[in-house]
């Protein structure tokens, strides 16, 4: 007799983990700010930044004089930055996100056009919305950006975020502006709020891992990794080619980082870039993440954005939970907002579940979908059922698990 196990999956979308939620009061303030800025005379820097891919800021222009320009710009922006999910490109993706969310950020609480209040910055940055993309984003200019303090991260944790690199093309420079080099950082700073502010001034950390991307045209992009402990270099890796990185320009791409003691792994849009067994000092205990932008001579025409940041503790032992406890709760299967379309970065979790089922052919599962509590209960129930059905379809069509082994349900 075959065994029936219940796999209860918490299915999440962009922004569902943002700390503090999306407060109506802050949303209204942001909306008021946008309308106020639109009614004022827009200065030249903002004019450049908002007219095209920036930028999709949801402000209102003078329709009587700029209606045609606005329509043309909107069409162009949509054609440039509309996300293009490719589930097949993640077929070799083995990243599994951490089980317990420790920090999340989508900049929902920040006022459009102002710098993010919770992130110490030593130069210039602002919260923006981008046409056709969910949530708000932080636009980064030259300088250092540091997250709020996160409780001391364990030896096993994951970091995920989305980035977007955009440029405004011109007749004279039809290949666009050159993107600045940028660092993605894991940081160990002293406890307290003051430490992050001081780091933006002196760049001194007890421990640091810097993953430095050097964007270029065609297949000439590169990346290198350096790590430090007690202000001394611990690991230095040579330059590595990122031949496909330019394919990510003008559309969002997903970055995944997995730390397991000294081991460091990095994926960009599902492609594994690094798996370094001893990249990190065994004494390092990280408590911040950060980004650093290099100088760029044309930064008003270049956009570097980040959002949907998630830091999670540990990774679930799916095999044990499924086979011994008979139940698995995962935050690792993601969907487009208000949709049953699975995001491609969910492939690692789906692959692991499929592997367990293939190794245990006597096990059948029941997939129970969940959504957040916002909105109409009936619509949420329907969505949760459709999302569970989407998982069943993906496991069947992409991982060859027989549909007869899977039941689905939803709980709203």
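Numbering (this note's numbering), first residue to last: 94 to 505.
All C-beta atoms in this analysis are idealised placements derived from N, C-alpha and C, irrespective of residue type, glycine included.
Quantities reported herein were computed from a predicted structural model and do not represent experimental measurements.
Query: The stretch 185-195 contacting the stretch 213-225, beta-carbon criterion three pairs below 8 Å; Result: no
Query: For residue 155, three-class secondary structure by DSSP; Result: Because the pLDDT at residue 155 is just 44, under 50, the model does not fix this residue reliably, and the value given afterwards should be weighed accordingly. Coil, per DSSP.
Query: Cβ contact check for the stretch 273-282 and the stretch 301-309: 3 or more pairs under 8 Å; Result: yes
Query: Cut-off 7 Å between Cβ atoms - residues of its own chain near residue 445, not counting five sequence neighbours on either side; Result: 189 and 411
Query: Residues bridged to residue 249 [DSSP beta-bridge criterion]; Result: 353
Query: Contact between the stretch 245-263 and the stretch 286-305 (3+ Cβ pairs under 8 Å); Result: no
Query: Whole-number beta carbon distance between residue 203 and residue 210, since they are thought to touch under 8 Å; Result: 6 Å
Query: Contact the stretch 341-351 vs the stretch 285-298: 3+ CB pairs below 8 Å; Result: no
Query: Residue 371 to residue 451 span [Cα, whole Å]; Result: 32 Å
Query: Member of 439, 392, 212 and 388 whose CA lies at the smallest distance from the CA of residue 287; Result: 212
Query: Whole-angstrom distance between residue 394 and residue 134, CA atom to CA atom; Result: Unreliable placement is indicated for residue 134, whose pLDDT of 34 sits below 50; the coordinate value is still reported in the next sentence. Cα-Cα distance, rounded: 20 Å.
Query: Residue 438 burial status per 10 Å Cβ neighbour count (16 or more: buried); Result: buried
Query: Span of the beta strand (DSSP E) around residue 279; Result: 275-281
Query: Bridge partners - residue 233, DSSP secondary structure assignment; Result: 218
Query: Whether residue 432 touches residue 229 by CB criterion (8 Å); Result: no
Query: Pair within 8 Å by beta-carbon distance, residue 499 and residue 485; Result: yes
Query: Candidates 359, 232, 364 and 353: closest to residue 377 by CA position; Result: 353
Query: Strand pairing of residue 495, partner residues [DSSP]; Result: Answer by DSSP bridge pairing: none, since residue 495 is not bridged.
Query: Test item: CB-CB of residue 186 and residue 441 under 8 Å; Result: yes
Query: Cβ-Cβ distance between residue 292 and residue 280 below 8 Å; Result: yes
Query: First through last residue of the beta strand (DSSP E) which encompasses residue 475; Result: Note, residue 475: premise wrong, no beta strand (DSSP E); alpha helix (DSSP H) at 470-490.
Query: Expected contact under 8 Å - CB spacing of residue 384 and residue 447 to nearest Å; Result: Not confirmed; about 34 Å, so no contact.
Query: Alpha carbon of residue 502 to alpha carbon of residue 435, nearest angstrom; Result: 17 Å
Query: Reference residue 356, options 402, 429 and 374, closest by Cα; Result: 374
Query: Selected residue, minimal CA-CA separation from residue 256, among 361, 312 and 214; Result: 361
Query: Minimum C-alpha distance to residue 343 - residue among 402, 358, 258 and 425; Result: 258
Query: Presumed contact (8 Å Cβ cut-off) between residue 311 and residue 283, rounded CB distance; Result: Not quite, the Cβ-Cβ distance comes to about 43 Å (not below 8 Å), so this is no contact.
Query: Secondary structure of residue 242, DSSP reduced to three states; Result: coil
Query: Residue 198 - DSSP class collapsed to helix/strand/coil; Result: strand
Query: Residue 423 in three-state terms, based on DSSP; Result: coil
Query: Segments assigned beta strand (DSSP E), at least 3 residues, entirely inside the stretch 312-370; Result: 315-322, 325-329, 346-353, 356-361 and 364-369
Query: 8 Å contact criterion, which residue 392 and residue 235 should meet: CB distance rounded; Result: 6 Å
Query: Cβ-Cβ separation, residue 232 to residue 396 (assumed contact under 8 Å), whole Å; Result: 6 Å
Query: Buried versus exposed call for residue 324 [16 or more other C-beta atoms within 10 Å across all chains shown]; Result: exposed
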